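Structure, as structure tokens:
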Amino acid sequence: MKYLDEFQNPELARRLLDDIRATVTRPWALMEVCGGQTHTIIRHGIDQLLPDDVELIHGPGCPVCVTPLEVIDKALEIASRPDVIFCSFGDMLRVPGSDRDLFQVRSRGGDVRVVYSPLDALKIAQQNPDRQVVFFGIGFETTAPPNAMTVHQARKLGIPNFSLLVSHVRVPPAIEAIMTSPSCRVQAFLAAGHVCSVMGMGEYPELADRFRVPIVVTGFEPLDILEGIRRTVRQLERGEHTVDNAYPRAVRSEGNPAAQAMLADVFEVTDRSWRGIGTIPASGWRLSERYRDYDAEYRFSVEGITTKEPAACRSGEVLQGLIKPHECAAFGTVCTPRTPLGATMVSSEGACAAYYLYRRLGTTPTPQEASPVV
């Protein structure tokens, strides 16, 4: 197949679903660790088309959602300073901090700008040498390389008024944290294809062996998801636990060596706090000592901020796959995309946003509503 719409072919979707139904003999619980995959699953009703014995659990795969409240509050504090131009991707502007968001900072006079690349922020720094320009660098392994490259360029070009507020996280330690949790029900993982396109698959075999879980690298279109599920269920039924690449058009086993080299030069692995989950050892990056002058946390001395999550928000349980979004009492009532309590409702990759957007409000849909793929 060469074109994107071919990966939404209804007849091929039916065949994959028939194969899954013919394979399953017992209950299985699979977790996707990617917010983009979650949205595909909910948008196309894939979870409702699967056999009852196949449950999809939504994991902590949304980078905006897992950015801790403490880092959001640091961003708000920095963005409020009169000498700062604060740059971010648009999906961060509505994420609530303890008492406001970046949109509100901008409405009160803060110079908060939406950019489409960290290099845009670097250009703004070149054009405004008398201002401090900060880029909000969040995300998984997918967005880390361009952010690393931008810091590398700032140092190379001698641009002193640019810095990065870093909140990058890594997927493999999150999988380990999920599997070691006492409440874990996950028996297999659909791994995020874009993460593996950067980092390769080298960190996954050890996890698959240690926890005896299949890990299938999967893409983002409906047929990608169904093929990933088909391969995963076959492994589970056979008692296998290997790493399988179901996204070969984008993922090579070694990943992208140039991107990995840039990450190794600019970042170093560190413990990271995940919103709603807590600290996961070695689960993130920070700027290495060589690039510490470009770290906004140090430049603006915003360490040590303490925060408290809203009591009504259960986004942490959603991120851990313990509940579905509509099982939270605040979902769709006091918590909506216009009045979000947590990032899972406002992020374009958040599970709560997907359930709200595609009207998964806890009611049973009609076959037509549940089967847009087929």
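Note that this note's numbering numbers the sequence shown so that position 82 is 534, with each residue one more than the last.
Ideal placement from N, C-alpha and C gives every residue a C-beta, glycine not left out.
Note that this is a predicted model, so its numbers are computed, not measured.
Burial check for residue 580: the Cβ neighbour count within 10 Å stays below 16, so the residue is exposed.
Put simply, the backbone Cα of residue 702 is about 28 Å away from that of residue 573. Rounded to the nearest whole angstrom, the C-alpha separation of residue 699 and residue 710 is 20 Å.
DSSP places residue 646 in the helix class (H, G or I) of the three-state scheme. In the DSSP assignment, residue 753 falls outside any beta strand (DSSP E) and carries neither an H nor an E.
Fewer than three pairs of CB atoms, one per stretch, sit closer than 8 Å, so the region 646-665 makes no contact with the region 462-482. Checking the DSSP bridge columns, you'll see residue 538 partnered with 564 and 586. Considering only 473, 483, 491 and 469, the residue with the shortest C-alpha distance to residue 811 is 491. In the DSSP assignment, residue 599 falls within the alpha helix (DSSP H) that extends over 596-609. When the Cα atoms are used, residue 634 and residue 532 turn out to be separated by approximately 41 Å. Taking 8 Å as the upper bound for CB-CB distance, residue 759 and residue 525 are in contact here, some 6 Å apart. Inter-segment contact for the region 597-608 and the region 621-635 is absent: fewer than three beta-carbon pairs are separated by less than 8 Å.
Exclusion of the five residues before and after residue 806 leaves 490, 491 and 494 as the residues of its chain whose Cβ lies within less than 6 Å of its Cβ. At the C-beta level, residue 695 and residue 482 stay beyond 9 Å of one another. Straight across, the Cα-Cα distance linking residue 723 with residue 735 is about 5 Å. Around the beta carbon of residue 568, fewer than 16 other beta carbons sit within 10 angstroms, so the residue counts as exposed. In this structure, the beta-carbon distance from residue 621 to residue 732 falls below 9 Å. Bridge partners of residue 483 according to DSSP: 509 and 641. Comparing alpha carbon positions, the residue from 720, 537, 535 and 519 closest to residue 546 is 519. Around the beta carbon of residue 522, 16 or more other beta carbons lie within 10 angstroms, which makes this residue buried.
Close CB contacts of residue 684 within its chain, under the 7 Å cut and outside five residues either way in sequence, are with 482, 640, 642, 666 and 668 (chain order). Scanning its chain for C-beta atoms nearer than 7 Å, with the 5 sequence neighbours on each side dropped, one finds around residue 754 the residues 526, 529 and 530, in chain order.
Going by C-alpha positions, residue 596 is about 18 Å away from residue 654.
For residue 681, DSSP records no beta bridge to any residue. By the 16-neighbour rule on beta-carbons within 10 angstroms, residue 799 is buried. Residue 798: member of the alpha helix (DSSP H) spanning 795-798, first to last residue. Residue 611 and residue 585 have their C-alpha atoms spaced approximately 10 Å apart.
Here the C-alpha atom of residue 728 lies approximately 23 Å from the C-alpha atom of residue 616. Linking residue 813 to residue 778 through their CA atoms gives a straight-line distance of about 6 Å. Around the beta carbon of residue 508, 16 or more other beta carbons lie within 10 angstroms, which makes this residue buried. Short of 6 Å from the beta carbon of residue 682, and not among the five residues preceding or following it, lie these beta carbons of its own chain, in chain order: 468, 471 and 472. Contact check for residue 677 against residue 484 passes: the beta carbons are separated by less than 9 Å. Taken atom to atom, the span from the alpha-carbon of residue 689 to that of residue 476 is near 7 Å.
For residue 668, the beta-bridge partners assigned by DSSP are 642 and 696. The Cβ neighbour count for residue 664, taken over all protein chains shown within 10 Å, is under 16; the residue is labelled exposed. Taking residue 488 as the centre and dropping the five residues before and after it, the same chain places the C-beta of 672 and 801 closer than 7 Å to its C-beta, in chain order.
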